Amino acid sequence: MAKREEWAELATSVLPATFFGRPAEQVAPELVGCWLIRRLQTGEQLRGLIVETEAYAQQEPACHGSRRRSPQNETLFGEPGRFYVYLTYGIHHCVNLVTGCLDEASGVLLRAVQIPDEPARVAAGPGLLARRFGIDRRHDGLPARPDSGLWLAPRLLPPGMDGKLTQTTRVGISQAQELPWRWYLRSSPCVSRRARGDRLVRPGAGL
DNA sequence: CTCACGATTGGA
DNA sequence: CCAATCGTGAGC
-12 MAKREEWAEL
-2 ATSVLPATFF
8 GRPAEQVAPE
18 LVGCWLIRRL
28 QTGEQLRGLI
38 VETEAYAQQE
48 PACHGSRRRS
58 PQNETLFGEP
68 GRFYVYLTYG
78 IHHCVNLVTG
88 CLDEASGVLL
98 RAVQIPDEPA
108 RVAAGPGLLA
118 RRFGIDRRHD
128 GLPARPDSGL
138 WLAPRLLPPG
148 MDGKLTQTTR
158 VGISQAQELP
168 WRWYLRSSPC
178 VSRRARGDRL
188 VRPGAGL
């Protein structure tokens, strides 16, 4: 098989918009193991293996689209396959992928990625991930495609990596805390800070 | 118009 | 455990 450095190179195709036209809780676990790719000004690419995600849907109160449709959350109601980016705590940006159908608010929060040859913690959390990839509100509403400079590639795990998923309740929310809509790669050292302490729902399901 | 509150993080 | 920091939305 390929050498370590070549694994990121192998993730060369693009996840199509149709991939996202399904319920968020179905898309979220499938996004684990996929790659987040950013084209840099130099023409180089920054790639991160998605190791942790969460699903949000209009019918549950933790979702930004559960209340009123507004300029702030408009993207969440729009076409699936676009990025929904918002500012939280006045400091950090969070990156989501819009899922489901048009006029229905749902999405998947990217909580952590693992970047080959970089320290484990540089993107181990939603805010850290956005900072490392240089993503902010200007990216809100952009389609996840190469011409946006930001897109996703299909699942491709490094050789030898344990692909088992752990399913838990979501992190940092005050409502709908019992919903088991968070997934992460059990073997990754790059999951977010609050990974521990959340109610474990289903350890080690196959990927 | 005022004010409380985050889908977080880094430092005491 | 707590402060940082600011846009949004609920409430007066």
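For the first sequence, this note's numbering assigns the number -12 to the initial residue and increments by one for each residue that follows.
Glycine residues also receive a C-beta, built at the ideal position from the N, C-alpha and C atoms.
Predicted model only: the values in this text are computed from it and were never measured.
Between the options, which has its C-alpha nearest residue i's C-alpha?
i, options, result
"Pro106", "Pro113, Arg119, Gly94, Gly114", "Arg119"
"Tyr71", "Thr153, Pro141, Asp127, Gly8", "Asp127"
"Leu139", "Gly35, Leu27, Thr29, Gln13", "Gly35"
"Glu66", "Thr5, Arg26, Arg55, Glu17", "Thr5"
"Leu27", "Leu144, Arg56, Pro48, Leu137", "Leu137"
"Gly77", "Pro141, Cys50, Arg124", "Arg124"
"Arg132", "Arg25, Val19, Ser161, Leu18", "Arg25"
Are residue i and residue j close, meaning C-beta to C-beta below 8 Å?
i, j, result
"Val158", "Ser175", "no"
"Thr153", "Gly191", "yes"
"Pro116", "Ala99", "The identity of residue 116 in the sequence shown is Leu, whereas the question assumes Pro. Yes."
"Leu166", "Thr156", "yes"
Using the rule of at least 16 other Cβ atoms within 10 Å of the residue's Cβ for burial, across every protein chain shown, is residue i buried or exposed?
i, result
"Asp149", "exposed"
"Cys88", "exposed"
"Gly147", "exposed"
"Ser0", "exposed"
"Gly30", "exposed"
Apart from the five residues on each side of it in sequence, which residues of its chain come closer than 6 Å, Cβ to Cβ, to residue i?
i, result
"Gly114", "His79"
"Cys177", "Val38, Ala99, Gln101, Ala107, Ala111"
Using a Cβ-Cβ cutoff of less than 7 Å, which residues in the same chain neighbour residue i once the five nearest sequence positions on both sides are dropped?
i, result
"Leu96", "Thr40, Glu41, Tyr43, Cys81, Asn83, Pro113"
Who are the Cβ neighbours of residue i in its own chain at under 8 Å, not counting the five residues just before and after it?
i, result
"Phe64", "Gly52, Arg56, Leu89, Asp90, Glu91, Ala92"
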